[in-house]
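Q: All the letters of the sequence shown, read from the start, carry residue numbers 254 to 484 under my numbering. Even for Gly, the Cβ is constructed at its ideal location relative to N, Cα and C.
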Amino acid sequence: MSKSIVAEGKTTNEAIEKGLKELKVTKNMVDIKVLESGEKRSFFSILAPRVVKVQLTVKENEKHENVKKDRKEIELSIEEQEKAEKNVEKFLKEFLEKTQKDAKYSIEKTSSGLKVNINNENLGFLIGYRGETLYAFQTILSTIASNGTESRVRVVLDIEGYKAKREKALEDLAEKLEKTVIKTKKSVTLEPMQAYERKIIHAKLQNSDKVETRSIGEEPRRRVVISLKRN
């Protein structure tokens, strides 16, 4: 269920600003509904201060972007694991035979799906800019793995150790920018990132005593803002 609050102010803008401050979000991250505009007033209330009430509801995509705990995953049966492994292995053999004959791959069964690793020197085309192709290929493998199974099979794909390297680079960046924000006392806005990269930044700084993170903008130019925590 989305987080929702009611804020009050002398004007609509004042009420909205109070609500945004309480929720620690930006205007584009919430749905706003004016409950009382304060325009229609009775004769007896004419001397009373004008009060505007607005309801702010955090949008679902905003609410779940900073998820701190992973949702409980559905465990696959042994039969489903074996079926998923065969599906992916068959596809990878045919695919790599036509694209990269020298590539090596490994498939590891997990309770919720499969871990797939592909290694070779010339697999940059499968990684793409900032891993965009890799994640698209991962989605394809999940669909293939799920063929003939009752549960959705989650495939975690890595190519040439890209994910670990990228995650380390983003965590280092988060630490560096945290120090910058603390030193300059000014917010820093990162360049547009995909959702999985933004989550790495959020997760790295979620326990910081000094700074906080939030996402702003619309896809595909959505970005992370790191700022000092409000007292």
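#1: Asn460 to Arg383, Cα distance in whole Å?
#2: Report back the beta-carbon spacing between Lys482 and Val464 to the nearest angstrom; my notes put them in contact at under 8 Å.
#3: With DSSP as the reference, label Lys316 as helix, strand or coil.
#4: Beta-carbon separation of Ser365 and Arg405 under 7 Å?
#5: Which complete beta strand (DSSP E) runs does the segment 417 to 484 hold, if anything under 3 residues is left out?
#6: Within this structure, are the beta carbons of Asn400 and Asn340 separated by less than 7 Å?
#7: Tell me which residue opens and which closes the alpha helix (DSSP H) that Leu379 is part of.
#8: Leu410 and Gln391 look like a contact to me (Cβ under 8 Å); what is the Cβ gap, rounded to whole Å?
#9: Run the CB neighbour count on Leu288, radius 10 Å, all protein chains shown included, and call it buried at 16 or more, exposed below.
#10: Measuring alpha carbon to alpha carbon, tell me which of Gly381, Ala427, Thr396 and Met446 ends up nearest Ser440.
A: Once the coordinates are examined:
#1: Numbered from its first residue, the sequence shown carries residue 460 at position 207. Numbered from its first residue, the sequence shown carries residue 383 at position 130. Approximately 26 Å between the Cα atoms of the pair.
#2: Position 229 of the sequence shown, counting from 1, holds the residue named residue 482. Position 211 of the sequence shown, counting from 1, holds the residue named residue 464. The distance from the Cβ of Lys482 to that of Val464 is about 6 Å, consistent with a contact at the 8 Å cut-off.
#3: The sequence position of residue 316 within the sequence shown is 63, counting from 1. A caution first: Lys316 carries a pLDDT of 45, below 50, which makes its placement in the model unreliable, though a value can still be read off. Residue state, collapsed to three classes: helix.
#4: As a working mapping, residue 365 is identified with position 112 in the sequence shown. As a working mapping, residue 405 is identified with position 152 in the sequence shown. No; because the gap between Cβ atoms is not below 7 Å, this pair is not in contact.
#5: Counting only unbroken stretches of 3 or more residues, the beta strand (DSSP E) elements lying wholly within the segment 417 to 484 are 464 to 469 and 476 to 481, in sequence order.
#6: As a first step, residue 400 is located in the sequence shown; it is residue number 147 there, counting from the start. As a first step, residue 340 is located in the sequence shown; it is residue number 87 there, counting from the start. The criterion of a C-beta distance shorter than 7 Å is satisfied by Asn400 and Asn340.
#7: Locating residue 379 in the sequence shown gives position 126, counting from the first residue. Counting along the chain, Leu379 sits inside the alpha helix (DSSP H) bounded by residues Gly377 to Ile380.
#8: The sequence position of residue 410 within the sequence shown is 157, counting from 1. The sequence position of residue 391 within the sequence shown is 138, counting from 1. Beta-carbon to beta-carbon, Leu410 and Gln391 are separated by about 4 Å, close enough to satisfy the 8 Å threshold.
#9: Position 35 of the sequence shown, counting from 1, holds the residue named residue 288. Per the 10 Å Cβ criterion, exposed.
#10: Position 187 of the sequence shown, counted from the first residue, corresponds to residue 440. The residue with the shortest Cα to Cα distance from Ser440 is Ala427.
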